[in-house]
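Participant: Respectively, the protein sequence lines represent chains S and D. The numbering used here puts the first residue of the first sequence at 1, with every later residue one more than the last. The numbering used here puts the first residue of the second sequence at 1, with every later residue one more than the last. The C-beta atom is built at its ideal place from N, Cα and C for all residues, glycine as well.
2 protein chains.
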Amino acid sequence: MAAKVPRKNNGRSRGATTIAQVATEAGVSPATVSRVMNDRFVGEDKIAERVRETAVRLNYAPSYSARSLALGQTQAVAFVAPDLRNPAFQAILSGLSTTANEDGYRVLIGDSAESVSEEPLLAREIRRRCDALVLCAPRMPDHELVDLASALHPMVLVNRSAAGAAPALTVDYRTGIESLLKHLYELGHRHIAYVGGPSHSMSDKYRRDGLRSFTAQNADLVVTEVPGGVASEDGFNAVDAVISTRATGVLAFNDLVAIGLLGGLQERNIRVPEEISVAGFDDIPFARYIAPPLTTASVPHEELGVQAWYRLRSLIEGKEPGHDMVFQPRVEIRTSTAARRPD
Amino acid sequence: MAAKVPRKNNGRSRGATTIAQVATEAGVSPATVSRVMNDRFVGEDKIAERVRETAVRLNYAPSYSARSLALGQTQAVAFVAPDLRNPAFQAILSGLSTTANEDGYRVLIGDSAESVSEEPLLAREIRRRCDALVLCAPRMPDHELVDLASALHPMVLVNRSAAGAAPALTVDYRTGIESLLKHLYELGHRHIAYVGGPSHSMSDKYRRDGLRSFTAQNADLVVTEVPGGVASEDGFNAVDAVISTRATGVLAFNDLVAIGLLGGLQERNIRVPEEISVAGFDDIPFARYIAPPLTTASVPHEELGVQAWYRLRSLIEGKEPGHDMVFQPRVEIRTSTAARRPD
DNA sequence: GTCCTGCAAGAAAGCGCTTTCTCGAAGTCT
DNA sequence: AGACTTCGAGAAAGCGCTTTCTTGCAGGAC
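(1) Please confirm whether S/F286 has its beta-carbon closer than 7 angstroms to some beta-carbon of chain D.
(2) Give the secondary structure of S/M140 by DSSP, where H, G and I count as helix, E and B as strand, and everything else as coil.
(3) Would you mind working out which of S/S277, S/S298, S/H301, S/L265 sits nearest D/A291, comparing C-alpha positions?
(4) Assign S/P227 to one of two classes, buried (16 or more other C-beta atoms within 10 Å of its C-beta) or exposed (fewer than that).
(5) Give me the subset of the region 106-121 of chain D whose CB atoms are less than 9 angstroms from a CB atom of chain S, sorted by chain position.
(6) Let's test the definition: count the other Cβ atoms within 10 Å of the Cβ of S/A193 and tell me whether it reaches 16, buried, or not, exposed.
(7) To which residues of the same chain is D/A339 closer than 7 angstroms at the C-beta, ignoring the five residues directly before and after it?
(8) Excluding the 5 residues preceding and the 5 following S/H337 in the sequence, name in chain order all residues of the same chain whose CB lies nearer than 8 angstroms to its CB.
(9) Which first and last residues belong to the alpha helix (DSSP H) in which D/S314 is found?
(10) Does DSSP put D/R129 in a helix, a strand or coil?
(11) From what residue to what residue does the beta strand (DSSP E) around D/S199 run?
(12) In this structure, how does DSSP classify D/T74 when only helix, strand and coil are distinguished?
(13) Per DSSP, what kind of secondary structure is S/V226 in: helix, strand or coil?
(14) Going by C-alpha to C-alpha distance, which of S/D45, S/Y289, S/Y310, S/L122 sits closest to S/V80?
(15) Rounded to whole angstroms, what's the CA-CA distance from S/H301 to S/M37? Just pull it up for me.
(16) Using a Cβ-Cβ distance cut-off of 7 angstroms, determine whether D/Y289 contacts chain S.
(17) With distances taken from CA atoms, which of D/E144, D/E118, D/L312, D/D282 is nearest D/V171?
(18) Do you know how far the Cα of D/H323 is from the Cα of S/A88?
(19) Looking at chain D, is there any beta carbon in it that lies within less than 7 angstroms of the beta carbon of S/S29?
(20) Could you tell me whether the Cβ of S/F236 comes closer than 7 angstroms to any Cβ of chain D?
(21) Please report how far the alpha carbon of S/G95 lies from the alpha carbon of D/L108, in whole angstroms.
(22) What residues of chain D sit near S/S68, judged by a beta carbon separation below 7 angstroms?
(23) Taking beta-carbon pairs under 9 angstroms, can you tell me which members of the region 219-243 of chain S lie near chain D?
(24) Using only alpha-carbon positions, find the residue among S/P167, S/N254, S/F41, S/S63 that is nearest to S/P285.
(25) Starting from the beta carbon of D/T74, find every residue of chain S whose beta carbon is closer than 9 angstroms, and list them in chain order.
(26) Using only alpha-carbon positions, find the residue among D/R190, D/R207, D/H191 that is nearest to D/G197.
(27) Name the DSSP beta bridge partners of D/S298, please?
(28) For S/I126, return the contacting residues in chain D, with the cut-off set at a CB-CB distance below 8 angstroms.
(29) Going by DSSP, what residue range makes up the alpha helix (DSSP H) through S/V257?
(30) Determine the direct distance from the alpha carbon of S/Y60 to that of S/A16, and round the result to whole angstroms.
(31) Among D/V306, D/G260, D/A247, which has the Cα closest to the Cα of D/V158?
(32) Near D/A20, which residues of its chain fall below 7 angstroms by C-beta distance, leaving aside the five closest residues on each side in sequence?
(33) Apart from the five residues on each side of it in sequence, which residues of its chain come closer than 8 angstroms, Cβ to Cβ, to S/A113?
(34) Below 8 angstroms on the Cβ atoms is my guess for D/G235 versus D/A252; work out the distance and round it to an integer in Å.
(35) In terms of alpha-carbon separation, which member of S/R35, S/H191, S/L312, S/E25 lies closest to S/D220?
(36) Ignore the nearest five residues each way along the sequence and tell me which others in D/A168's own chain have a CB closer than 6 angstroms to its CB.
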């Protein structure tokens, strides 16, 4: 019978230097190494120096897994959105990521690929891998959102609120689109088409509310809704429907859709803005560089991401997250909209 | 003196159900619970069933940190790129993320914000948090890249190769831009401007090589280089320089730059393609939807991401990563380029 | 010289899993 | 019927950290 020798390294060999090796090599205990590495060491400078030197020499870096387990936190947060390919979400992600990085946090991404049913599962799964979550879920039913909010704390909602169940950073789509509509109205347009977003999405609902509200106050204005979507392709495909409404102005769910619209209109030799005015929503980075530069409602997406991090950080630290914020879109008038031509 | 009572939960309270609680509640050992949860249980069905039921009832979900520590792997990979706001990188990320998710892996993102010096540090740090890495580092010096490759294994390189130090998925920018140049040449253009990318980036270098190669074979062709960058803004700002070259055609470093160019040209009432032809590179999703639809070289970014995951997975499993791949861009002729007008 | 205080650094427990090892019970073979 | 396998399931070690608890020792007070 073999002597009962303690099994080292669990059979596997993982290569990386461990705190124990550094401790042995430096002639101190692991506790001391840990303290030195975390600037909690209070003893002799010589020891600290020796530990540091040894750590560098052995190319030691603490294991995140072990650290996470011992500390009960991962130094990571997640960002879940329905479509990471949309520049608007990317901008939020970018703001979040950059700011979180400054505090030593990394971000995990989750793309629910527009699948409403998978979203809660994805969110729960990914949340368990990190310390907190930023969720963009424009189409999730309210009750589900509230359930999630309580289960996934700390979490902050973007573009959506959940009756106080979680801090929320929202955009006033309603007022935003109302301003855009007003802009077209003041240019003389009386018949306007709205190429909508995903049905059942809150972001689309708010826009319709805004449209309705303004229309109610202006009896001579007609707004016709046309099915659209979230991507350029959807705008492109909606062109014929838009044309057949005979509207002189179009409001798109977002810039991507507006750009698709522009492409399709151009393909049919319909000039913008001479023959028809087009406006988008979001002000994605190159909305102003396309031809014609797109009139749109500017939303500070990066800032949304930044603020999301601040709230997450407070929550992680057990503090108050700060007030919810409602961002007001700013209308950016460019040349894709113009005065209605006399018939 | 207080009785020496074992300290539970390390003083903190973390709330989540642990495997030990499930074990106690189900009247089995933690080992059994672990086996059941991982489908490695071979005993009586009744026991397995009881464990599963208990797990559900207690809302048990294993701790990723603990699992990672025990297993020595995190089920996560990282994606590091110089600018996550660029749709091309987003597409790669999207392909990577979607495919990795199917295998139960999540992705961590690292945006080096175009900072060449921070890139290796970021890559090393983020790599330690996960099992493997996808790196896009167009501007990193070769020697540094080779160093990284050996330190960060498993890792795959995108848009860049490192002398076999790591699997690489590249794009034949050289041939791609050569084809674009040929296209303009065949349209009768003899003086072409190239709005370049970041200096010292390999992706820009390859493009210049392609340009030079084609120019060398066609004595009547002149290509003038104009400083540019990676974003629409850079293209927009390069417009005056482009105009002053008196070129009749422009090749941009990428679609973003081309779009900026288009915007600037339009602002000066210079018609595209009538007065000047413009081509981009990448074929980002809405290149075809802008006006005029952009002639460009299409690069299958999503596919790059997908292939990156396949290689990463092989590497993680200790298998051969498969051959390096060189993707050939496909010229997409749209209407932003046209025959040169007789002077 | 003794006793106490203070402090530096180590021992060891604990984080929540996985997996090897071990052991007792049930089943098989002659 | 007794010896030998199988096999199911638990005990315990180990993953690599952090942190509490403990101890040994130097210095100060009396």
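Facilitator: The relevant details are as follows:
(1) Yes, contact with chain D.
(2) S/M140 falls in the coil class under three-state DSSP.
(3) For the set S/S277, S/S298, S/H301, S/L265, the Cα lying nearest the Cα of D/A291 is the one of S/L265.
(4) Exposed, because fewer than 16 other Cβ atoms sit within 10 Å of the Cβ of S/P227.
(5) Hits within the stretch, in order: R106, V107, L108, I109, G110, D111, A113.
(6) That one is buried.
(7) Once the five neighbours on either side are set aside, the close Cβ partners of D/A339 are L187, G188.
(8) Checking the displayed sequence, the identity of residue 337 of chain S turns out to be Thr instead of His. Excluding residues up to 5 positions away in sequence, H183, L184, L187, G249, P273, S277, V278, A279, T295 lie with their Cβ nearer than 8 angstroms to the Cβ of S/T337 in the same chain.
(9) 301-316 is the span of the alpha helix (DSSP H), which, as asked, contains D/S314.
(10) Coil.
(11) It is not in any beta strand (DSSP E) - D/S199 carries neither H nor E in the DSSP assignment.
(12) Correct three-state label for D/T74: coil.
(13) Correct three-state label for S/V226: strand.
(14) Relative to S/V80, the option among S/D45, S/Y289, S/Y310, S/L122 whose CA is nearest is S/L122.
(15) Answer to the nearest angstrom: the Cα atoms are 37 angstroms apart.
(16) Yes, D/Y289 lies at the interface with chain S (some Cβ there is under 7 angstroms from its Cβ).
(17) Checked all of D/E144, D/E118, D/L312, D/D282; the closest Cα to D/V171 is D/D282.
(18) Straight through space, the alpha carbons of D/H323 and S/A88 are spaced by roughly 36 angstroms.
(19) Not closer than 7 angstroms to any Cβ of chain D, the Cβ of S/S29 fails to qualify, so no.
(20) For S/F236, a Cβ of chain D is located within less than 7 angstroms of the residue's own Cβ.
(21) Computed Cα separation, rounded: 15 angstroms.
(22) Neighbours of S/S68 on chain D, chain order: S65.
(23) For the region 219-243 of chain S, the beta-carbon criterion of a distance under 9 angstroms to any beta-carbon of chain D is satisfied by A231, S232, E233, G235, F236.
(24) The residue from S/P167, S/N254, S/F41, S/S63 with its alpha-carbon nearest to that of S/P285 is S/N254.
(25) One finds Y64, S65, R129 in chain S with Cβ atoms closer than 9 angstroms to the Cβ of D/T74, taken in chain order.
(26) Here the closest residue by C-alpha is D/R207.
(27) DSSP output for D/S298 lists D/D282, D/R330 as bridge partner(s).
(28) The CB of S/I126 comes closer than 8 angstroms to the CB of R106 in chain D, given here in chain order.
(29) 255-267 is the extent of the alpha helix (DSSP H) around S/V257.
(30) Near 8 angstroms, if we compare the C-alpha coordinates of S/Y60 and S/A16.
(31) If we check each option's Cα against that of D/V158, D/V306 comes out closest.
(32) The residues are P30.
(33) Cβ within range, chain order: P82, D83.
(34) Right, the Cβ-Cβ distance comes to about 6 angstroms (below 8 angstroms), so this counts as a contact.
(35) Ranked by how close their Cα comes to the Cα of S/D220, the residues S/R35, S/H191, S/L312, S/E25 have S/H191 in first place.
(36) The answer, listed in chain order, is L157, S161, D324.
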